[in-house]
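Residues in the sequence shown are numbered from 358 upward in steps of one, following our numbering.
We treat Cβ as the ideally placed atom computed from N, Cα and C, and that holds for glycine.
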Amino acid sequence: MIFYSSRSEKYTADSAQAVLKGIAPDGGLYTPVRFDQMRVNVADLLSKSAREISAEVIGRILNDFTGEEMRELIDAAYDGKFETEDLTPVEKVGDDFVLELFRGPTSAFKDVALSVLPRLILAARRKLGVEEEIVILTATSGDTGKAALEGFHDVPGTRIVVFYPDGGVSDVQKAQMVTQTGDNVGVCAVRGNFDDAQTGVKNIFADDELNHWAQASGARLSSANSINIGRLAPQVAYYYKAYCDLVLRGEIRLGDPVNFVVPTGNFGDILAGEFARRMGLPVAKLVCASNANNVLTDFIRTGVYDRRRTFYRTASPSMDILVSSNLERYLFMASNGDFDLVADLMAKLRDEGVYTAPESLMKVMRENFWAGCADDDRARRAIGKVWQDYGYLMDTHTAVAWSVMEDFKAQEDNGWVNVVLSTASPYKFSRDVLSAISDAEPQSGFGAMDMLNALTNVPVPEPLTRLRDLTPRFNDCVDQPDMLGYVKRAVAK
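Written out as structure tokens, the structure is:
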């Protein structure tokens, strides 16, 4: 399988190279043009376990790894780390379904992919005969950071540096990152929002491509964000797993299409659903759910992507994003690999803050996507109503998706089953979830955690209960221009 930079046909990579590099030299994202060789027959997966489905689906995308290599890698990635061998269970809530992606070690959906990515990178490193230390750079809006730190800490031959927006993550998310153990980890806040941190990381990659300072220190930069195809591929598998679950439980017939409702800011999780659709999964609509930072909703509806807008800090901080990196991959796919178009649109976004996609491309997108948004008030009402009506407790991001699903059903109900992707445990956002179902006003996230547990009897994930007893290790905070120096010092170590 050949992956192309989304911005230039000059830069190609096989899957091992794409995983190890993370991002193309021109700043583009490694993306396939054709999906013919990647197709997976759902019927062949119905008798397989969650791990076997993952190995099969990921192996079709990253086909430089043999079936045996992928099965061993998946077993090592997931063994003993998740609450259930099912990995990503599907729960029926009313007439709809919730795909629970938060049963891993950090209680967020990023665990599914970031348990796998370190092993993919080490396998690619061996396969390509690379001896340099791999330095992972990651910007996080909350959940990626801890999941990446958990996946990479003390992994031989690697070092990881995570940047998060100062004041832009929940109490629990911050505590998870700044208490991380490991001799090869670094965590630093960035004054600004997630887009500032993400742009800073991209600028670091660009500077190293120009000046080769990492190589001079015996290192090579890579990424754990979903700009890395090795991070995106494992997410495709849980769409297949959810579909198989629905068939096996008699909720749908094999071949029936399904709607997936995805809370997203960086467009990575929903793009995994588009990969699944192109690989043969019967998907009716991918419903893109935004919070008050509704740049993606506006784009899908109008074709105009405009980041020149007010940035809101919301109760769903992992979606507080105005520059959705993975949308670039979709533009490349929907335009049938039009390098010049994508490069031009990305240049306009960088220089002018806005671009307009061709109507022919948007027509393709609207055939497969629907978009809506919900602010904090609507999300809180959804949390309260779903708890009251069904006894199911949702986090703030899932609540955004639930609210948008209700809009979708009211405005464009196609009659097919709806699956909401639940991206985090409600206990990662205890204060906001608690306020949605009670009048309590605790002073801290951990106090809210205790009160929420007492009120609902929903178990608190064990890793979260230990957090309050851990001592913070990291308190660094820098401006965006200083991120480069921070990383250079880390690499030099």
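Can you give me the Cβ contacts of residue i inside the same chain, cut-off strictly under 6 Å, excluding the 5 residues immediately before and after it?
i: Ser-782; result: Phe-459, Ser-464 and Pro-818
i: Thr-753; result: Ala-672, Ser-673, Ala-736, Phe-786 and Asp-789
i: Arg-548; result: Asp-523 and Asp-836
i: Leu-444; result: Ala-407
i: Thr-813; result: Leu-750
i: Leu-477; result: Val-376 and Gly-587
i: Ser-647; result: Leu-653, Thr-654 and Cys-730
i: Val-815; result: Leu-750
i: Asp-432; result: none
i: Pro-446; result: Glu-457
i: Ala-532; result: Leu-824
i: Val-526; result: Gly-499 and Pro-674
i: Leu-386; result: Ser-363, Ile-584, Glu-685 and Arg-686
i: Ala-714; result: Gly-660
i: Ala-434; result: Ser-472, Val-473 and Arg-476
i: Gly-379; result: Ser-579, Ser-580 and Asn-585
Just to check my reading of the structure: residue i and residue j have Cβ atoms closer than 8 Å, yes? What is that Cβ distance to the nearest angstrom?
i: Leu-706; j: Arg-666; result: The Cβ separation is near 13 Å, so there is no contact.
i: Cys-861; j: Val-835; result: As displayed, the chain neither begins before 358 nor continues past 850, which places residue 861 out of reach and without an answer.
i: Leu-702; j: Tyr-712; result: 4 Å
i: Leu-809; j: Asn-725; result: Rounded, the Cβ-Cβ distance is 37 Å, inconsistent with contact.
i: Val-414; j: Ala-594; result: 4 Å
i: Gly-625; j: Leu-589; result: 6 Å
i: Val-399; j: Leu-494; result: Actually they are not in contact, since the Cβ atoms of Val-399 and Leu-494 sit about 36 Å apart, beyond 8 Å.
i: Phe-520; j: Pro-475; result: With 8 Å as the limit, Phe-520 and Pro-475 do not qualify as a contact, their Cβ atoms being about 19 Å apart.
i: Val-640; j: Ala-629; result: So it is not a contact: roughly 11 Å between Cβ atoms.
i: Phe-466; j: Val-618; result: The Cβ separation is near 14 Å, so there is no contact.
i: Thr-388; j: Phe-803; result: That belief does not hold up - the Cβ atoms of Thr-388 and Phe-803 are roughly 41 Å apart, past 8 Å.
i: Tyr-361; j: Gly-694; result: 7 Å
i: Ala-599; j: Val-777; result: Actually they are not in contact, since the Cβ atoms of Ala-599 and Val-777 sit about 10 Å apart, beyond 8 Å.
Which residues does DSSP pair with residue i in a beta bridge?
i: Thr-713; result: Val-661
i: Leu-643; result: Phe-617 and Phe-726
i: Ser-779; result: Glu-457
i: Tyr-387; result: Ser-362
i: Asp-520; result: Residue identity check: residue 520 is Phe in the sequence provided, not Asp. According to DSSP, which records beta bridges pairwise, Phe-520 is partnered with Ala-496 and Cys-545.
i: Cys-834; result: Ala-546
i: Ile-431; result: Answer is none; Ile-431 lacks a bridge partner.
i: Ile-491; result: Thr-515 and Arg-577
i: Lys-449; result: Phe-454
i: Thr-369; result: Tyr-361
i: Ala-465; result: Ala-781
Suppose the cutoff is 7 Å on Cβ atoms and the five residues either side in sequence are ignored; what does the same chain contact list for residue i look like?
i: Ala-373; result: Asp-421, Ala-481, Lys-484 and Leu-485
i: Ser-760; result: Ala-731, Arg-735, Ala-736 and Ala-739
i: Asn-623; result: Ser-583, Ile-678, Ser-681, Ser-682 and Asn-683
i: Lys-845; result: Trp-570
i: Asp-511; result: Gly-539, Asp-540 and Asn-541
i: Ser-411; result: Ile-431, Pro-591 and Ala-594
i: Thr-828; result: Thr-536
How big is the Cα-Cα spacing for residue i and residue j?
i: Ala-797; j: Tyr-596; result: 37 Å
i: Ile-794; j: Gln-745; result: 8 Å
i: Glu-489; j: Gly-772; result: 53 Å
i: Ala-505; j: Gly-637; result: 29 Å
i: Arg-830; j: Gln-530; result: 14 Å
i: Phe-861; j: Gln-572; result: Beyond the ends of the chain as shown, which are 358 and 850, falls residue 861; an answer cannot be given.
i: Pro-620; j: Ser-717; result: 26 Å
i: Ala-847; j: Ile-491; result: 12 Å
i: Leu-824; j: Asn-560; result: 33 Å
i: Met-358; j: Asn-651; result: 35 Å
i: Thr-755; j: Lys-503; result: 19 Å
i: Thr-423; j: Arg-417; result: 10 Å
i: Asp-770; j: Glu-631; result: 20 Å
i: Pro-838; j: Lys-367; result: 30 Å
i: Val-757; j: Trp-727; result: 14 Å
i: Gly-748; j: Thr-441; result: 21 Å
Is residue i close to chain C, meaning its C-beta is less than 7 Å from at least one C-beta of that chain?
i: Gly-660; result: You won't find chain C in this structure, because it holds only one protein chain.
So, at 8 Å on beta carbons, what are the nonlocal neighbours of residue i in its own chain, with the 5 sequence-adjacent residues on each side left out?
i: Lys-852; result: No answer is possible for residue 852: it lies beyond the span of the chain, which begins at 358 and ends at 850.
i: Leu-611; result: Val-399, Ala-400, Leu-403 and Val-604
i: Leu-791; result: Ala-797, Pro-799, Ala-805, Met-808, Leu-809 and Leu-812
State yes or no: is the C-beta of residue i nearer than 6 Å to some heavy atom of the ligand ATP?
i: Val-414; result: This structure simply doesn't include the ligand ATP, nor any ligand for that matter.
* Do the region 647-658 and the region 685-697 make contact, defined as three or more Cβ pairs closer than 8 Å? -> no
* Asked: Taking one C-beta from the region 561-577 and one from the region 529-536 each time, how about it: are there three or more such pairs within less than 8 Å?
  -> Between the region 561-577 and the region 529-536, the count of C-beta pairs closer than 8 Å stays below three; the two stretches do not touch.
* Should the region 600-612 be called in touch with the region 444-461, which here means at least 3 C-beta pairs below 8 Å? -> yes
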